[in-house]
Ligand SMILES: [Zn+2]
């Protein structure tokens with residue numbers, strides 16, 4: 026479980042740098058193309074099927090950076106997952122202290138996985154950089170201005186910017202649009218969770234071996250395969266460890282996003 030939180034000021038610096046690069050090299054199209062930024066910065070990149078070795082890798086050799094992007098068998102440079110990986114690797118090349126660390130003698134190539142569970146400062150920052158690059162702050166602020174937080178908005182942004190749902194959610198969380206939590210469950214066990222700094226609950230009612238709580242939409246999927254395309258209502262007591270009885274019937278929305286290849290459900294939880 027990741028515990029590193031990027032300090033506020035650092036987040037702003039990263040967001041500004043990413044937005045600057047997106048505006049400078051990618052024109053006004055909403056779909057930011059990381060490879061354009063790499064080309065303009067004279068960072069070479071190579072794509073291939075590297076199986077499960079990494080999602081992205083950055084190497085510094087002979088005074089040059091090279092990014093390797095794993096397309097696996099079916100993906101291409103326009104697949105949202107791949108775009109996010111490319112943005113992540115660009116982050117390692119573009120953020121000063123990442124770049125400087127990789128330029129030290131004897132440093133091995135840096136391999137990254139997009140599993141969102143990492144606990145390392147540099148991985149969290151690269152992940153955040155990528156969400157800021159693909160979803161530049163001022164553009165997204167315009168898109169969400171005076172709009173309610175609901176799944177439809179997340180879906181609209183995903184399509185407009187050609188990014189994953191996770192990328193949109195991480196971006197909205199950083200922009201403090203509204204307090205919400207993301208819980209990612211794989212094979213019935215909670216794999217990772219993230220929440221806004223002002224989300225009212227933090228501890229999930231985990232079962233044995235981190236099992237997802239049963240009386241939740243995610244829990245139902247793993248119990249009997251039930252899937253919901255619509256947002257469901259759940260109560261605080263279904264999801265969270267509570268410290269006050271008054272919180273038991275606090276109503277939350279839960280929207281599930283299912284990803285069968287990984288036997289995964291991502292629950293987005295928020296209050297009205
Ligand atoms: Zn990385």
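Numbering (my numbering), first residue to last: 26 to 297. Every residue, glycine too, gets a C-beta built ideally from N, C-alpha and C.
Quick check: what's the CA-CA separation for residue 268 versus residue 275? Each residue's Cα considered, the two are about 13 Å apart.
Could you check if residue 148 belongs to the surroundings of ligand 1, using beta carbon to heavy atom distance under 7 Å? Within the cutoff, so yes.
Can you tell me whether residue 126 sits near ligand 1, meaning its C-beta is under 7 Å from at least one heavy atom of the ligand? Result no, Cβ not under 7 Å from ligand 1.
Exposed unless 16 or more other CB atoms sit within 10 angstroms - verdict on residue 237: Counting the other Cβ atoms within 10 Å of the Cβ of residue 237 gives 16 or more, which makes it buried.
Using a Cβ-Cβ cutoff of less than 8 Å, which residues in the same chain neighbour residue 190 once the five nearest sequence positions on both sides are dropped? Around residue 190: 179, 180, 183, 282 and 291.
Please find out if some non-hydrogen atom of ligand 1 comes closer than 7 Å to the beta-carbon of residue 242. No - ligand 1 has no heavy atom lying nearer than 7 Å to the Cβ of residue 242.
C-alpha distance - residue 109 paired with residue 58, whole-angstrom precision: The C-alpha of residue 58 is placed about 10 Å away from the C-alpha of residue 109.
Meets three-Cβ-pair contact criterion under 8 Å: the segment 164-171 and the segment 86-94: At 8 Å Cβ cutoff, the stretches do not touch.
Which whole-angstrom value is the C-beta distance of residue 123 and residue 155, which I expect to be below 8 Å? No, residue 123 and residue 155 are not in contact; Cβ-Cβ is about 12 Å, not under 8 Å.
Sequence-distant residues of its chain with Cβ nearer than 8 Å to residue 310 (five each side left out): In the structure displayed, the chain extends from 26 to 297; residue 310 sits before or after that span and is not available.
Terminal residues of the continuous beta strand (DSSP E) containing residue 92? That run of the beta strand (DSSP E) goes 89-95.
Exposed or buried, what is residue 188 when buried is set at 16 or more other beta-carbons lying within 10 Å of its beta-carbon? Counting every other CB atom within 10 Å of its CB across the protein chains shown gives residue 188 a total of 16 or more, marking it as buried.
So what does DSSP say about residue 226, is it helix, strand or coil? Correct three-state label for residue 226: coil.
Beta-carbon proximity of residue 211 to residue 87, cut-off 8 Å: A distance of 8 Å or more separates the beta carbons of residue 211 and residue 87.
Judging by CA-CA distance, which residue of 85, 61 and 153 is the nearest neighbour of residue 41? When each option's Cα is compared against that of residue 41, the closest is 153.
Quick one: does the C-beta of residue 137 sit closer than 7 Å to a heavy atom of ligand 1? Placement of the Cβ of residue 137 at a distance of less than 7 Å from at least one heavy atom of ligand 1 is found.
Residue ranges of each alpha helix (DSSP H) run of no fewer than 4 residues wholly in the segment 176-222, ordered along the chain? The segment 176-222 is shown to contain whole alpha helix (DSSP H) runs of 4 or more residues at 176-186 and 190-199, in chain order.
Reduced DSSP category for residue 27 - H, G, I as helix; E, B as strand; rest coil: Unreliable placement is indicated for residue 27, whose pLDDT of 49 sits below 50; the coordinate value is still reported in the next sentence. If DSSP states are grouped into helix, strand and coil, residue 27 belongs with coil.
Contact under 8 Å by Cβ, residue 245 with residue 254: Between residue 245 and residue 254, the C-beta spacing is not below 8 Å.
Determine the direct distance from the alpha carbon of residue 72 to that of residue 97, and round the result to whole angstroms. Within the model, the alpha-carbon separation for residue 97 versus residue 72 is close to 9 Å.
With distances taken from CA atoms, which of 129, 76, 99 and 46 is nearest residue 116? The shortest Cα separation from residue 116 among 129, 76, 99 and 46 belongs to 46.
For residue 278, which residues in the same chain have their Cβ closer than 6 Å to its Cβ, ignoring the five residues on either side in sequence? 256 and 295, listed in sequence order.
May I ask you to report which of helix, strand or coil DSSP gives residue 129? Reduced to three states, the DSSP call for residue 129 is coil.
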